[in-house]
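Student: Residues -21 to -1, 1 to 463, numbered by mature numbering (1 follows the signal peptide of the UniProt record, and there is no 0), are exactly what the sequence shown covers, in order. Built from N, CA and C at the ideal position, the CB exists for glycine as well. Since the model is a prediction, treat every value here as computed from it, not as a measurement.
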Amino acid sequence: MKQKIITIILMLSMAIMPVHAADIPDFGDVSQQGLSTQQEREIGENAMRQIRRSGAMMDDPEIVAYLSQMGHRLTDAAEVNEQPFTFFPLLNDNVNAFAMPGGFIGVHTGLLVQAQHESEVASVLAHEIAHVSQRHIARLIDGTKSGVWLSLGSIALALLAAQAGHGDAAVAAIAAGTGLAVQKQLDFTYSFEQEADRIGMQTLKKAGYDPNAMVTFFERLQKHNRLYENNAPDFLRTHPVTYKRISDAQARSGEFKFKPVPDSLEFLFIREKSRALQMGGREGVPYYTHIIAEKRFANETAQRYGLAYSHYLLRQYDLAWAAMLEAKASLGVEKGKSGKSHPMLEFLAGNIKIGQGQFAQAEQLFQEATLRFPASRALVYGLIDAQIAANNLSAAQASIMDALELYPSDAWLYQRMAKMYAKKGDLMRQYQAQGEYYVRLQEYAPAFEQFDLALKQPGNDFYLLSSIEARIRQLRELQNSPAK
């Protein structure tokens, strides 16, 4: 406990380090000028690195893909494609989402779990997208005319402190006290919230979601915050839901005809996967067993998927496989045909086979699933993992290279490449691939360490050595180039 508090104090004290801290580029005197979009992006990237280093950010490929697909559907509707957006999940049972400068939008799994309909999740993302597109955060910072790096560093680290101190009153008190000045500077004003609500509802309509879901979500969020506010750090409550906001949203909802929008199967699966991850297998198995036995569900397949995934988390692979087959069977009944499946069911099935040590079966399952569902990047990861586990390294290398043709910026493909070369005993290429993994996360210090390790390995591959040295020079030049 004492060590945790010391750690949080140190983390928060880092937020008030001088402007010339190592990770912070020099943008000149920001107090004399407005933030450019490039500066916003760099601030957001710095905050992302800190959140990723904390371990709070999830790398679950299916949840990441779901949020990204929904987010980009909304940005397309909002016609803000000139601004790059990144959507990422955090494993946290708070009903919350937040936007950072540069188009980075974080979503707590608690929001996915508590949403009763998919359009409610979309309403939150549309609201956050509006905050970014209207540059509300930058305008707030410009209004302070000072302390830009102090504010943004404190915000990022306060989020980390909240993650580390969830349920810990002492740590939360430290974090809240440190973040108070930040809250006063960066809380969204009512006019900004009103603008984000208005634009968000229009975006929902254009994207094909139910704009009235925003009102429903506001009402639920207000109830949630009323129950939770004694424990919630003040600096996280930057979107206060008031009766005025709800009444404004209700008035706007009258402009839209009521049109129920059915939830996608992806949403139902993602919600139960998030719930199972929050609960953990030991709570999840009895929860889903009871729900299924009592038939207290709107979609049987999603609940059976949740049960299968909960067994998988406990490494109860035989039970997970049986529950997964029942989920597939119930999906076939709902769709009126046998043999019906879904990429998330196939991804779980393949990983269960890997857990059982049946690597050849897993590889075959993933191979077939990638042909049936070519848009699923998670299934590509699964295929590579199965091939590596089966020691089918040539096939794994071919799969990785094929995937990199489609997704050249994918860090997780390089991580798998490093694992594949490690199994081959090719240490030089292993360290090179691990370096490229860090580059794509913009973690340049560990990237250089990996490239240096690669150069120290025995071998006389002149072209490989030259390519690594050239890559180091390229990254050094990139680091030393002035921000535009």
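My assumption, with CB atoms under 8 Å, is that ARG275 sits in contact with PRO40. Please give the rounded CB distance.
Tutor: With 8 Å as the limit, ARG275 and PRO40 do not qualify as a contact, their Cβ atoms being about 30 Å apart.
Student: Within 10 angstroms of the Cβ of PRO239, are there 16 or more other Cβ atoms? Answer buried if so, exposed if not.
Tutor: The residue is exposed, with fewer than 16 neighbouring Cβ atoms inside 10 Å.
Student: Hey, ILE379 and MET399: beta-carbon distance below 8 Å or not?
Tutor: Yes, the pair counts as a contact, with Cβ atoms nearer than the cut-off.
Student: Using the beta-carbon count (16 or more within 10 Å), is SER445 buried or exposed?
Tutor: SER445 should be labelled exposed.
Student: Tell me which residues share the same chain as ILE270 and place their Cβ nearer than 7 Å to its Cβ, disregarding the 5 neighbours each side in the sequence.
Tutor: Contacts found: PHE276 and GLN282.
Student: Alpha carbon to alpha carbon, how far is PRO353 from SER253?
Tutor: Near 24 Å, if we compare the C-alpha coordinates of SER253 and PRO353.
Student: Pairs of beta-carbons, one from the stretch 59 to 74 and one from the stretch 82 to 92, closer than 8 Å: are there three or more?
Tutor: These segments touch.
Student: Take ALA365 and list the residues in its own chain whose beta-carbon comes closer than 7 Å to its own, dropping the five residues that flank it on each side.
Tutor: Excluding residues within five positions, the ones whose Cβ falls inside 7 Å are GLY329, ILE333, PHE338, ALA341, GLU342 and PHE345.
Student: Go to MET79, then tell me how far its beta strand (DSSP E) extends in each direction, as first and last residue.
Tutor: MET79 -> beta strand (DSSP E) spans 76 to 79.
Student: Would you call the stretch 51 to 70 in contact with the stretch 100 to 110, where contact means no fewer than 3 C-beta pairs closer than 8 Å?
Tutor: They touch, by the three-pair rule.
Student: Compare the C-alpha of GLU245 against each of SER320, ARG32 and GLY81 and name the closest.
Tutor: GLU245 has its Cα closest to that of SER320, out of SER320, ARG32 and GLY81.
Student: Does the Cβ-Cβ distance between THR195 and GLU99 come in under 8 Å?
Tutor: For THR195 and GLU99, yes; Cβs fall inside 8 Å.
Student: Tell me which same chain residues have a C-beta within less than 6 Å of the C-beta of LYS403, skipping the five on either side of it?
Tutor: Here the set comprises LEU372.
Student: Residue range of the alpha helix (DSSP H) that VAL59 falls in?
Tutor: Premise fails: VAL59 is in no alpha helix (DSSP H) and is neither H nor E.
Student: Would you mind working out which of PRO63, GLY336, VAL359 and ARG351 sits nearest ALA369, comparing C-alpha positions?
Tutor: Of the listed residues, the one whose Cα sits closest to ALA369 is GLY336.
Student: Exposed or buried, what is LYS435 when buried is set at 16 or more other beta-carbons lying within 10 Å of its beta-carbon?
Tutor: Its Cβ having fewer than 16 others within 10 Å, LYS435 is exposed.
Student: Taking buried to mean at least 16 other C-beta atoms within 10 Å of its own C-beta, is GLN453 buried or exposed?
Tutor: It counts as exposed.
Student: Straight-line CA distance for GLY438 to GLN48?
Tutor: In a straight line, the C-alpha of GLY438 is about 44 Å away from that of GLN48.
Student: Using a Cβ-Cβ cutoff of less than 6 Å, which residues in the same chain neighbour ALA348 once the five nearest sequence positions on both sides are dropped?
Tutor: Excluding residues within five positions, the ones whose Cβ falls inside 6 Å are GLU325 and LEU358.
Student: Please state the DSSP three-state secondary structure of PRO68.
Tutor: In the structure shown, PRO68 sits in a strand (DSSP, three-state: E or B).
Student: Who does MET49 pair with in a DSSP beta bridge?
Tutor: According to DSSP, which records beta bridges pairwise, MET49 is partnered with nothing at all.
Student: Using a Cβ-Cβ cutoff of less than 8 Å, which residues in the same chain neighbour LEU(-12) once the five nearest sequence positions on both sides are dropped?
Tutor: Residue placement at LEU(-12) is flagged as unreliable, the pLDDT there being 34, under the threshold of 50; the coordinate-derived value follows with that caveat. Excluding sequence neighbours, LEU(-12) sits near nothing in its chain.
Student: Relative to the C-alpha of TYR417, which candidate in ASP440, LEU392 and GLU97 has its C-alpha closest?
Tutor: The residue with the shortest Cα to Cα distance from TYR417 is LEU392.
Student: Please classify GLY34: is it buried, with 16 or more other beta-carbons within 10 angstroms of its beta-carbon, or exposed?
Tutor: Exposed: under 16 other Cβ atoms inside 10 Å.
Student: Starting from GLY260, trace the alpha helix (DSSP H) both ways and give me its first and last residue.
Tutor: Start and end: 260 to 273.
Student: Are the Cβ atoms of SER292 and ALA255 separated by less than 8 Å?
Tutor: Before going further, note that residue 292 is Leu rather than Ser in the sequence given. Their beta carbons are under 8 Å apart, which means LEU292 touches ALA255 by this criterion.
Student: Following the continuous beta strand (DSSP E) through HIS87, name the residue where it begins and the one where it ends.
Tutor: HIS87 -> beta strand (DSSP E) spans 83 to 87.
Student: Flag this pair as yes or no: are the beta carbons of LEU46 and SER102 separated by less than 8 Å?
Tutor: For LEU46 and SER102, no; Cβs fall outside 8 Å.
Student: Among the residues of its own chain, which have a CB less than 6 Å from the CB of ALA426, if the five just before and after it don't count?
Tutor: Same-chain partners within the cutoff: GLY414, TYR417 and VAL418.
Student: Which whole-angstrom value is the C-beta distance of ALA390 and TYR410, which I expect to be below 8 Å?
Tutor: Going by Cβ atoms, the distance from ALA390 to TYR410 rounds to 15 Å, so no, they are not a contact pair.
Student: For the alpha helix (DSSP H) that contains GLN429, what are its first and last residues?
Tutor: Residues 423 to 434.
Student: Looking only at its chain, what residues have a beta carbon closer than 8 Å to the beta carbon of VAL92, apart from the 5 residues adjacent to it on each side?
Tutor: If we look at VAL92 and ignore the five residues flanking it on each side, its Cβ neighbours are ASP72, ARG250, SER253, ARG254 and GLN257.
Student: Taking just the CA atoms, how far does VAL43 sit from LEU362?
Tutor: Approximately 18 Å between the Cα atoms of the pair.
Student: Based on the DSSP secondary-structure assignment, which residues constitute the bridge partners of MET193?
Tutor: Note: MET193 sits in no beta bridge, so no partner.
Student: Considering only C-alpha positions, which residue in the set GLU174, GLY81 and GLU279 is nearest to LEU310?
Tutor: Checking every option, the nearest Cα to that of LEU310 belongs to GLU279.
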